[in-house]
Structure formats: C-alpha cells, structure tokens
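Residue 297 in numbering that gives the first Met the number 0 sits at position 298 of the sequence shown; the count goes up by one each step and never skips. Quick reminder that beta carbons are idealized off the backbone N, C-alpha and C, glycines included.
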Amino acid sequence: MTFAHRLCLLLCQGVVLLLVAAVPLTAQTKQQRVFAADPTQLYRTRKYAHELSLLLLPASTPAPHGVLLLLPGLGERAEHVFQATSLGAEAARAGLVTVVPTLNNRLYLDSAGTYFLDEVLRRVTQQYPSVGRNLFLGGFSAGGHLALTYAETLVRDTARLPLRVTAVFSVDSPVDLAAFWQTGQRQVAQNCHPQLVQGGRSTMATLTQAFGGSPDQRPATYRRYSAFSSRDPTGGNLALLRATSVRVYCEPDLSFWRQHYCPTWQLEDLNAALLKTLIDNLRGQGNTRAEYMETYGKGRLGKRPFPHSWSIVDAPECIRWLQAQMQE
C-alpha cells in the first residue's frame, strides 16, 4: 500500500497521516489470536501483520453484563485505541468487556471483515457467558463506518449471533461511500495541498477498483456497502437502525482545516455534514434515540489540536449513555 493510499484511508479525508508509535498494552489487556493467517489483509501496520487477533480488556466486575466492540481507524494499531481514548477503562468500571479486533484496512465491511468480527464476538461470548445479549459498537473514522454497517448486518440477521445490538456510535466517520468518492474528486479539483490531492486520487481509485466503477456507474454497489445513502429517502441500509440507539460524534472545525490544509474547504468537505444528515434521517423515521454530538476544541493529536480524533468523545458520558440504553 502506498503512502498516499494510507494517508487517504487512515483519516478518510486524505488530510494527514496519523503517526502512532507502538504502545505497550496495559497489564489488564489481553491479546488473543483468532486466526493464524490474514490472507485478505484485514490488518495493516508498518510491519505487515500475519495473524488476526483481538485485544480484550476485562470488566472490573466478576460477572460482566455486556460487550463493547471498538474498531480502529484505517492504519491505526489496535492497541492504540486503548491509549487514544479512555472508553475501554470507563467500560471496564461499568462492567463491560471491551474488545478491539485487529481490523484496520477497510473502508467498507466485506465478507472477510464480517466473518472475522463474528468469530471475535463468538469467542468473547463463550469466554464471558454473563454478558448476556448486550452488544455496544463504536469506531473511529473508517472504523466508525464499519461499526455502523456491522450493526446493520446484525440487525438484519438476528440469528447471526446470540448478542443483540444495544447501541452503536461513530466518531467523525465517512458514512456514505458515494459521497466520499465525490469528496475525493473535490480534493483533486481544489488542488490545495499535495496530501489532499494524493488522498483524493487514492480515494477514487480505491473505491472505483473495489466496486467496478464510480458512484454514477455502480450506484447499487455503493448503496450496498454504505452505512447511509444520502440520496435515498430512507437512507438505504440506515433504515435498519430506525429502532436502535445511534450516536455520531464530530468536531466540524472548518477554520482549522482552512488554515492548515485548504482555504476553500466548505462544510460539505467534512464528515460532519453527512453525519448530521444521517441523524436527521433517522429521526425522520421515528428514531428518538438518534443523537448528533458536536464538540468544539476537544480534538487533540498528542499535544496539538486536531479535530479528527478519538478525543472528541467524552468517554465517561458516553459509557453512561450506553448503560442507559442497556437498562431500557
């Protein structure tokens, strides 16, 4: 995978490469091999990973009552999730088992990714029978799109796993792949920053190759693999979540992106625009538990401001929200 490809896919905006140092797991976090080989390249790091694993943070209570599945952004190491956000630690205190699978090389959920996630959750429920049926899903950037589409998959096929989708959230994620392709096209046309241009080209090339053409040429395929289809009155696959608790988080700091990357960027160039439309669509379908969570000044990458990051999520409040859904 080229640098430009990683650049684009990682942030799903083609903006900057999130350089994450390898970090040690906490003493409580356990790594478990799921498959000895990764033939479809679901996981990519700077050094190619040859196996697929899950990282698990047990609940602090002896009998956990739910599972929190967190999905990394593209190119983000699975162990970094536990460093980038305290969601896992807060979930442990709340009696939830947190699981992060080594899945970081997909913009969309294909059959290989679905099979891997199914196996991860089967193993967790076998190890912790007390979790019952409560499954919470969340993800950052492209991982947030996978979380939404996997939730839709499980709602569509309720016999797939013993778990049920209690709630799902995404963190500054692209949710409509046709619109994402068009974002890439605008980045090339704007010609503001070399990384944006390279990222835009890579976005279009990746999706065109995967789906056999552009959104105009293969509209049904783009709808099939998108969590949300903004041109569809019912949102496409999103309609499956009309009775599910859903949250989306974003920090639409347009001034940041204009100052550092492209002075001509508009709101439509950010993930926030379609995330708000997604929630409006769900609420229009009668989902009163769909929430748009907008922040300001919370996004950080290390010590510097960066609005595309896990840090925009108020972890303690998010876990309280998840607990409230479980109690209903």
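8 Å Cβ cutoff met for residue i and residue j
| i | j | result |
| --- | --- | --- |
| residue 213 | residue 207 | yes |
| residue 289 | residue 229 | no |
| residue 51 | residue 33 | yes |
| residue 164 | residue 136 | yes |
| residue 273 | residue 253 | no |
| residue 250 | residue 182 | no |
| residue 172 | residue 138 | yes |
| residue 318 | residue 93 | yes |
| residue 162 | residue 260 | no |
| residue 100 | residue 81 | no |
| residue 54 | residue 90 | no |
| residue 219 | residue 237 | no |
| residue 255 | residue 193 | no |
| residue 241 | residue 281 | yes |
| residue 324 | residue 150 | no |
Residues bridged to residue i (per DSSP)
| i | result |
| --- | --- |
| residue 139 | 170 |
| residue 306 | In the DSSP output, where bridge partners are listed per residue, residue 306 has none listed. |
| residue 100 | 53 |
| residue 219 | BP columns for residue 219 are empty, so no partner. |
| residue 292 | 248 |
| residue 116 | Its beta-bridge partners do not exist; DSSP assigns none. |
| residue 66 | 96, 134 |
| residue 163 | 133 |
| residue 350 | The chain is shown only over 0 to 327; residue 350 falls outside these bounds and no answer can be derived. |
Rounded distance between the beta-carbons of residue j and residue i, thought under 8 Å
| i | j | result |
| --- | --- | --- |
| residue 152 | residue 202 | 24 Å between Cβ atoms; not a contact. |
| residue 106 | residue 42 | Contact flag wrong, Cβ pair sits at about 14 Å. |
| residue 309 | residue 84 | 4 Å |
| residue 157 | residue 108 | Not a contact, Cβ separation roughly 17 Å. |
| residue 73 | residue 141 | 4 Å |
| residue 95 | residue 63 | 6 Å |
Closest Cα partner of residue i within the set the options
| i | options | result |
| --- | --- | --- |
| residue 247 | 189, 29, 174, 75 | 174 |
| residue 97 | 192, 27, 45, 215 | 27 |
| residue 244 | 55, 36, 46, 134 | 134 |
| residue 170 | 34, 298, 47, 323 | 298 |
| residue 124 | 46, 160, 283 | 160 |
| residue 66 | 252, 276, 88, 78 | 88 |
| residue 30 | 122, 45, 92, 110 | 122 |
| residue 111 | 68, 211, 40, 77 | 40 |
| residue 286 | 239, 59, 317 | 239 |
| residue 209 | 62, 155, 221 | 221 |
| residue 198 | 144, 180, 217 | 180 |
| residue 270 | 282, 283, 291, 167 | 291 |
| residue 215 | 176, 306, 264 | 176 |
| residue 191 | 268, 154, 129 | 268 |
| residue 69 | 313, 217, 168, 316 | 168 |
| residue 127 | 71, 59, 264 | 59 |
Any non-hydrogen atom of the ligand ZN within 7 Å of residue i CB
| i | result |
| --- | --- |
| residue 155 | You won't find the ligand ZN in this model; it holds no ligand whatsoever. |
Short CB-CB distance (under 8 Å) between residue i and chain D
| i | result |
| --- | --- |
| residue 310 | Absent here is chain D; the protein component of the structure consists of one chain. |
Margin query: If contact is defined by three or more beta carbon pairs under 8 Å, each pair taking one atom from either stretch, is the stretch 229-239 in contact with the stretch 183-203?
Written below: no
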